[in-house]
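These protein sequence lines map, in sequence, to chains E and X. Numbered per this note's numbering, the first sequence spans residues 1 to 233. Numbered per this note's numbering, the second sequence spans residues 234 to 466.
There are 2 protein chains.
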Amino acid sequence: MTTDAEQGSELRIPLSRERLLRAAIKIADDGGLESLTMRRLAEQVGAEAMSLYYHVANKEEVLDGIAEVVVTEINDVVDRIDLPTAGADWKKAVRERILAARQVLLRHPWAPRVLESRTNTSLAVLRYYDALIGIMHDGGFSWDLAHHALHALGSRALGFAQELFDPSSGAGDPDQTAALQSMAGQLPNLVGMLAEVVHDDPDSTLGWCDDQTEFEFGIDLLLDGLDRMRERT
Amino acid sequence: MTTDAEQGSELRIPLSRERLLRAAIKIADDGGLESLTMRRLAEQVGAEAMSLYYHVANKEEVLDGIAEVVVTEINDVVDRIDLPTAGADWKKAVRERILAARQVLLRHPWAPRVLESRTNTSLAVLRYYDALIGIMHDGGFSWDLAHHALHALGSRALGFAQELFDPSSGAGDPDQTAALQSMAGQLPNLVGMLAEVVHDDPDSTLGWCDDQTEFEFGIDLLLDGLDRMRERT
DNA sequence: ACCTGAACACCGTTCAAGT
DNA sequence: ACCTGAACACCGTTCAAGT
């Protein structure tokens, strides 16, 4: 990882909000959200921490900014999707957008956490939702049903679902499996379920493939349900 | 708000992990999660910050602990629910549990954030999920379908759904409404939807009633979908 | 066994001062 | 107009020392 500071001082790019945001995203991508501090951001960009405050009001603005950049990236990808949206076609169109958004987020694993923590919704997020509403409305949703749909999808609309625990994440870990077995008396159903699920599909814990399967199961459940409601009106 | 420190030093309750966790929950309930610092926790409990480390390894353990306490509270409430679980009755039983869990979380608005940030799933959470799995299995779910169901419900299983933005939260705020109107050209569908949704139900933004309606819409959508899958096997 | 004082390595941020 | 040095008010945490 080379910082801008190291690349020789003869060509010194001036600071700017945009450059700060790009640098902040790189820091979070490389080292996680914890590693994004104002001091490190300054270092990455070859300046002192105090210089940042000339271009940005505070750290909150940095977080607002990187969230907006990521969602703008999502909008760019998603706007290139050209699918019919009328009638029953709404579902495929929405599904493809959501899965495309997810692909972008997989490159920025910190983004869901930042998006959730924003109190001011960025224009980029509003634009993303606006397009989704448009597709649903084309598909025959009333405004009211579209509104319910957005709430029901929640963060899934933007391509992520936070799980409180991954029931099969520890399946490969002997320690964790043993710990769970020792509690089989207290957790009979969980243990029973994991025994079968793991046995059926030993590859289900490799990488994020498993999450991808479950994510698609979840959105299809929701989209199918919404489609039935749409048809009933 | 009185701290234990103020209540006269003649009766000085000794520190303990449990007392720290109770105090930490009080701090977070009263002042939000940001206000929960080790130094303030010590103050609340009438000790120096360094004393905490005798009873607790670090702040992470405090956060793990208060998450566990809240979910234990949920388990206590939920275990008192006595409903039939066989066959089609599974749905009502699960629904009531989830809504009861939600009631507990409404008293601890910081809890969802803490629960999401835990990397070690607490035993209390495992127990909660174990009971849910048991009900579904009684209701005729295969282990595999129960597994999918847990993922699909995600945090909703524990009673909360984080929204990235609340499309109608700013409906009562003239500033925000004006800002949105000025972007009507860019956000035609969002503006159109809000115009109708707000008009239809002017009370939809008061308190968390609105969220409650949408939360129930969301879980019913999921539970109904899952029920159809259950019947097909 | 339980608690503390002094200290360390970090934060975000302000403000007057430099070019 | 843009950047910085010194300083402030906070963090979480360690460690040797007190009772």
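In this text, a Cβ means the ideal position worked out from N, Cα and C, and glycines have one as well.
Worksheet entry | Cβ shell of lysine 259/X (< 6 Å), same chain only, five flanking positions each side left out | Position 26 of the second sequence, counted from the start, is the residue given in the question as residue 259/X. Cβ neighbours of lysine 259/X beyond the five flanking positions: none.
Worksheet item: So which residues on chain X does asparagine 189/E lean against when the C-beta distance must stay under 7 Å?
Response: Here residue 189/E is taken as the residue at index 189 of the first sequence, counted from 1. Under the 7 Å cutoff, chain X gives Asp363, Ile366, Gly367 and His370.
Item to complete: Just tell me which of Gly185/E, Leu153/E, Ala179/E and Gln212/E has its CA closest to the CA of arginine 102/E.
Response: Here residue 102/E refers to the residue found at position 102 when the first sequence is read from its first residue. For the residues Gly185/E, Leu153/E, Ala179/E and Gln212/E, the minimum Cα distance to arginine 102/E belongs to Gln212/E.
Discussion item. When you compare the CB positions of valine 45/E and alanine 28/E, do they come within less than 7 Å of one another, or not?
Written reply: Counted from its first residue, the first sequence places residue 45/E at position 45. Counted from its first residue, the first sequence places residue 28/E at position 28. No.
Worksheet item: Residues of chain X with a CB under 7 Å from the CB of serine 155/E: which are they?
Response: Taking the first residue of the first sequence as 1, we reach residue 155/E at position 155. What serine 155/E touches in chain X: Gln395 and Leu397.
Item to complete: Indicate whether the contact test is met: 3 or more Cβ pairs, each with one atom in the region 123 to 135 of chain E and one in the region 322 to 342 of chain X, closer than 8 Å.
Response: Result no; under three Cβ-Cβ pairs closer than 8 Å.
Worksheet item: Under 7 Å, do leucine 83/E and glycine 159/E count as touching if we go by C-beta distance?
Response: Along the first sequence, read from residue 1 onward, the residue named residue 83/E stands at position 83. Along the first sequence, read from residue 1 onward, the residue named residue 159/E stands at position 159. Taking the C-beta atoms as reference points, glycine 159/E is found no nearer than 7 Å to leucine 83/E.
Worksheet item: Assuming arginine 351/X contacts glycine 451/X under a Cβ cut-off of 8 Å, what Cβ separation, rounded to an integer in Å, is found between them?
Response: Stepping through the second sequence from its first residue, residue 351/X is reached at position 118. Stepping through the second sequence from its first residue, residue 451/X is reached at position 218. Wrong, their Cβ atoms sit about 23 Å apart, outside the cutoff.
Worksheet entry | Through-space distance from aspartate 371/X to alanine 385/X, alpha-carbon basis | For the purposes of this step, residue 385/X is taken as the residue at position 152 of the second sequence. For the purposes of this step, residue 371/X is taken as the residue at position 138 of the second sequence. So the two alpha carbons sit approximately 19 Å from each other.
Fill in: Secondary structure, alpha helix (DSSP H): runs of 4+ residues fully inside the region 357 to 394 of chain X
376 to 386
Practice prompt. Please report the Cβ distance between serine 366/X and threonine 318/X, rounded to the nearest whole angstrom; I am assuming they are in contact, meaning their Cβ atoms lie under 8 Å.
Written response: Within the second sequence, residue 366/X is the residue found at index 133, counting from 1. Within the second sequence, residue 318/X is the residue found at index 85, counting from 1. Here residue 366/X is isoleucine; the residue named in the question, serine, does not match the sequence. Actually they are not in contact, since the Cβ atoms of isoleucine 366/X and threonine 318/X sit about 11 Å apart, beyond 8 Å.
Worksheet item: Along the chain, where does the alpha helix (DSSP H) that runs through proline 345/X open and close?
Response: Stepping through the second sequence from its first residue, residue 345/X is reached at position 112. It spans 344 to 350 - the alpha helix (DSSP H) in which proline 345/X sits, taken as one unbroken run.
Worksheet item: If you run the structure through DSSP and keep just helix, strand and coil, what is proline 421/X?
Response: Here residue 421/X refers to the residue found at position 188 of the second sequence. Helix, per DSSP.
Worksheet item: Which residues in the same chain as alanine 344/X place their Cβ atom closer than 6 Å to its Cβ, once the five residues preceding and following it in sequence are excluded?
Response: Indexing the second sequence from 1 puts residue 344/X at position 111. Taken in chain order, the residues that qualify are Val303 and Leu338.
Worksheet entry | chain E contacts made by the region 445 to 458 of chain X, where a contact means CB separation under 7 Å | Glu447, Phe450, Gly451, Leu454, Leu455, Asp457 and Gly458
Worksheet item: For aspartate 144/E, which option in Gly425/X, Phe448/X, Leu274/X and Leu378/X has the closest C-alpha, if you only look at C-alpha atoms?
Response: The residue given as residue 144/E occupies position 144 in the first sequence. That would be Gly425/X, whose Cα lies nearest to the Cα of aspartate 144/E.
Worksheet item: Once you ignore the five residues that flank phenylalanine 374/X on each side, which residues in its own chain have a CB closer than 6 Å to its CB?
Response: Residue mapping note: residue 374/X aligns to position 141 of the second sequence, counting from 1. Excluding sequence neighbours, phenylalanine 374/X sits near Arg463.
Fill in: Limits of the unbroken alpha helix (DSSP H) element including valine 56/E
As a working mapping, residue 56/E is identified with position 56 in the first sequence. Per DSSP, valine 56/E belongs to no alpha helix (DSSP H) and is neither H nor E.
Item to complete: Kindly list the residues whose CB is nearer than 7 Å to the CB of leucine 285/X, restricted to its own chain and excluding five residues on each side of it in sequence; keep chain order.
Response: Locating residue 285/X in the second sequence gives position 52, where the first residue counts as 1. Excluding residues within five positions, the ones whose Cβ falls inside 7 Å are Leu253, Met271, Leu274 and Ala275.
Fill in: Best match in Val94/E, Glu163/E and Ala195/E for proximity to leucine 222/E [C-alpha to C-alpha]
Counting from 1 along the first sequence, the entry for residue 222/E is found at position 222. Cα-wise, what sits closest to leucine 222/E is Val94/E.
Worksheet item: Three-state secondary structure (DSSP) at arginine 107/E?
Response: As a working note, residue 107/E is residue 107 in the first sequence. Three-state result, arginine 107/E: coil.
Discussion item. Tell me the residue span of the alpha helix (DSSP H) that contains glycine 31/E.
Written reply: Taking the first residue of the first sequence as position 1, residue 31/E is located at position 31. Element bounds for glycine 31/E: 17 to 31.
Worksheet item: Hey, quick one: how far does the alpha helix (DSSP H) through arginine 273/X stretch, first residue to last?
Response: On the second sequence, residue 273/X is found 40 positions in, with the first residue counted as 1. Arginine 273/X -> alpha helix (DSSP H) spans 271 to 277.
Worksheet item: Which word fits threonine 233/E, buried or exposed, when buried means at least 16 other C-beta atoms lie within 10 angstroms of its C-beta?
Response: Within the first sequence, the letter at position 233 stands for residue 233/E. Classification of threonine 233/E: exposed, given that the 10 Å Cβ count is below 16.
Worksheet item: So which of Ile314/X, Glu251/X and Arg330/X has the shortest CA-CA distance to leucine 296/X?
Response: Here residue 296/X corresponds to residue number 63 of the second sequence, with the count starting at 1. Residue Glu251/X is the option with its Cα nearest to leucine 296/X.
Item to complete: Alpha carbon to alpha carbon, how far is alanine 411/X from glutamine 419/X? Give it in angstroms, no decimals.
Response: The residue you call residue 419/X lines up with position 186 of the second sequence. The residue you call residue 411/X lines up with position 178 of the second sequence. The alpha-carbon atoms of glutamine 419/X and alanine 411/X are separated by roughly 14 Å.
Discussion item. Is it buried or exposed, asparagine 120/E, if we count other Cβ atoms within 10 angstroms and call 16 or more buried?
Written reply: Position 120 of the first sequence, counted from the first residue, corresponds to residue 120/E. It counts as exposed.
Practice prompt. Step through the CB atoms of chain X and report whether any lies within less than 7 Å of the CB of histidine 108/E.
Written response: In the first sequence, the residue the question calls residue 108/E occupies position 108. Residue contact check for histidine 108/E against chain X: no CB pair falls below 7 Å.
Fill in: Below-7 Å beta-carbon distance, methionine 193/E vs any chain X residue
Locating residue 193/E in the first sequence gives position 193, where the first residue counts as 1. Yes, because at least one Cβ of chain X sits closer than 7 Å to the Cβ of methionine 193/E.
Worksheet item: What's the call for glycine 264/X, buried or exposed, on a 16-neighbour Cβ count within 10 Å?
Response: Locating residue 264/X in the second sequence gives position 31, where the first residue counts as 1. Exposed, because fewer than 16 other Cβ atoms sit within 10 Å of the Cβ of glycine 264/X.
Fill in: Own chain partners of leucine 248/X with C-beta closer than 7 Å, once the 5 adjacent residues on each side are dropped
Reading the second sequence from its first residue, position 15 is the one you call residue 248/X. Only Val278, Ala280, Ser284 and His288 meet the Cβ criterion.
Worksheet item: Grouping DSSP H, G and I as helix and E and B as strand, with all else coil, what is leucine 206/E?
Response: Against the first sequence, residue 206/E aligns to sequence position 206. Only weak support exists for where leucine 206/E lies, its pLDDT of 46 falling under 50; the value from the coordinates is given anyway. Correct three-state label for leucine 206/E: coil.
Practice prompt. Pull up the distance between the alpha-carbon of glycine 225/E and that of methionine 183/E, whole angstroms please.
Written response: Looking up residue 225/E in the first sequence gives position 225. Looking up residue 183/E in the first sequence gives position 183. Our two residues, glycine 225/E and methionine 183/E, have alpha carbons roughly 37 Å apart in a direct line.
Worksheet item: Hey, valine 218/X and histidine 147/E are a contact pair by Cβ (cut 8 Å); roughly how many whole angstroms apart?
Response: Coverage of chain X is limited to positions 234 through 466, which leaves residue 218/X absent and any answer about it impossible.
Worksheet item: If we count the other Cβ atoms within 10 Å of its Cβ and call it buried at 16 or more, is isoleucine 246/X buried or exposed?
Response: Reading the second sequence from its first residue, position 13 is the one you call residue 246/X. Exposed: under 16 other Cβ atoms inside 10 Å.
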